[in-house]
DNA sequence: ATCGTTTTGACAACGGTTATCAATAAGCAT
DNA sequence: ATGCTTATTGATAACCGTTGTCAAAACGAT
């Protein structure tokens, strides 16, 4: 049976207070700074649980998993700032149906999809002129 | 100045002969089995170069980077079989414009996007009935 | 309070990737 | 061809995020 511990709840709360996507290690550091004495392994486990339960979104960037609290049950995608990490949730039914259709068209079943848009948010666009070509 | 070595060319050719996405280590093993004596580090470097030059697509799955040769210059996405790795290149102008629009709408600049669809291809759907719920 | 089972957490181990650095070889100039 | 400069190679070590280990702690039912 699944048990409720203050650690898991602390991770959930810390995640909800984080503005954008955070890494497990980052969240652990934040929590430690805030005085919460939670083990690193526990943070990893709690985040993985939250993700499988649908209470958190996760994405992979540069070899590490990033997490973000999300409204449970709703399927959506993200618009993420490459510099500051600010994230906007975006829903796009058109993309959902497109993904399903293109999969079926090629005989694929049980389709999943990964759709994320990265860029520089308004603020960071202002601060950082294009010294990055991409 | 950029130099041409037989190692880099060997990696390019091995990648082009691979049917789906391959990992750096997998490609290295394949090449070694085929008698090509190329260092692992070199394979990593060559694949990274190919990806930045636009001659290879890359995606991240389960903590590792996978690569695939692609027609240079063309932007497209993939429909990937979760079981056998077979890959279909898909073009979707609708998704391209959608990504650009949603980014601009929220004030984001220099938008990139990651759009990949995973599923079980026709063959694998037949072989593996749904003992995986997702 | 007691008990059985789950969870925790410090640390080791793991796996993919990158850095190191001496040895090699590509490409240019002569 | 020869030498020279410098990018590249490759064996290995280091790195870093993540997961396994396992004894100790604690949840929840009784």
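Protein chains in written order, with my numbering: chain S, 1 to 134; chain B, 1001 to 1134.
Just so you know, even glycine gets a beta-carbon here, dropped at the ideal spot from N, CA and C.
Quick caveat, the model's predicted, so the values are computed rather than measured.
- [ ] Using a Cβ-Cβ cut-off of less than 8 Å, give me the residues of the region 1090-1119 of chain B that come near chain S, in sequence order.
- [x] Within the region 1090-1119 of chain B, 1090, 1092, 1094, 1095, 1098, 1099, 1102, 1103, 1106, 1107, 1108, 1109, 1110, 1111, 1112, 1113, 1114, 1115, 1116, 1117, 1118 and 1119 place their CB atoms closer than 8 Å to a CB of chain S, listed in sequence order.
- request: Quick one: which unbroken alpha helix (DSSP H) runs of 4-plus residues sit fully inside the region 1037-1063 of chain B? Chain order, please.
  value: Counting whole runs of 4 or more residues, the region 1037-1063 of chain B contains the alpha helix (DSSP H) stretches 1040-1053.
request  = Would you check if the distance between the CB atom of residue 21(S) and the CB atom of residue 82(S) is smaller than 8 Å?
outcome  = No. Outside cutoff.
Check: Which first and last residues belong to the alpha helix (DSSP H) in which residue 26(S) is found?
Finding: Segment 24-33, the alpha helix (DSSP H) holding residue 26(S).
Cβ neighbour criterion (16 or more within 10 Å) applied to residue 1039(B)
Exposed: under 16 other Cβ atoms inside 10 Å.
Going by DSSP, what residue range makes up the beta strand (DSSP E) through residue 1087(B)? For residue 1087(B), the enclosing beta strand (DSSP E) starts and ends at 1087-1090.
Requested in this report: Report all residues from its chain with a CB closer than 8 Å to the CB of residue 1084(B); omit the five preceding and five following residues, and keep chain order.
Outcome: Here the set comprises 1020, 1121, 1123 and 1124.
| task | For residue 1040(B), go through chain S and note every residue whose CB falls closer than 9 Å to its CB, in chain order. | result | Simply none; closest approach about 17 Å.
In this structure, how does DSSP classify residue 65(S) when only helix, strand and coil are distinguished? Reduced to three states, the DSSP call for residue 65(S) is strand.
Quiz item: Can you list the residues of chain B that residue 63(S) reaches, using a CB-CB cut of under 8 Å?
Solution: Neighbours of residue 63(S) in chain B, taken as residues at a C-beta separation under 8 Å, are given in chain order as 1060, 1063 and 1065.
**Asked** For residue 27(S) versus residue 41(S), is the C-beta spacing smaller than 8 Å?
**Response** Inclusion of residue 27(S) and residue 41(S) in the CB contact set at 8 Å is not warranted, their separation being larger than that value.
For the alpha helix (DSSP H) containing residue 1144(B), name the first residue and the last one. The structure shown does not extend to residue 1144(B), since chain B spans only 1001 to 1134, so no value can be given for it.
Between 105(S), 116(S) and 101(S), which lies nearest to residue 66(S) when the distance is taken from Cα to Cα?
Per the Cα distances, 116(S).
Buried or exposed (CB count within 10 angstroms, at least 16 for buried), residue 87(S):
The residue in question, residue 87(S), is buried, as its Cβ has 16 or more Cβ neighbours within 10 Å.
> Buried or exposed: residue 98(S), going by 16 or more other Cβ atoms within 10 Å of its Cβ?
Replying inline: Classification for residue 98(S): buried.
> Which of the three DSSP states, helix, strand or coil, is assigned to residue 1124(B)?
Replying inline: Residue 1124(B): helix per DSSP, three-state reduction.
Inset, instruction - Give me the Cβ distance between residue 31(S) and residue 56(S), rounded to the nearest whole Å; I'm assuming they're in contact under 8 Å. - result: Between the beta-carbon of residue 31(S) and that of residue 56(S) there is about 15 Å, and that puts the pair past the 8 Å contact cut.
Hey, is residue 1122(B)'s beta-carbon within less than 8 Å of any beta-carbon in chain S? By this cut-off, residue 1122(B) is an interface position.
Distance between residue 7(S) and residue 1126(B) (C-alpha atoms, nearest Å) | The straight-line gap from Cα to Cα measures roughly 44 Å.
Looking only at DSSP bridge pairs, what is residue 1118(B) linked to? Beta-bridge pairing links residue 1118(B) to 112(S) and 1080(B).
Whether residue 1103(B) touches residue 119(S) by CB criterion (8 Å): Contact: yes.
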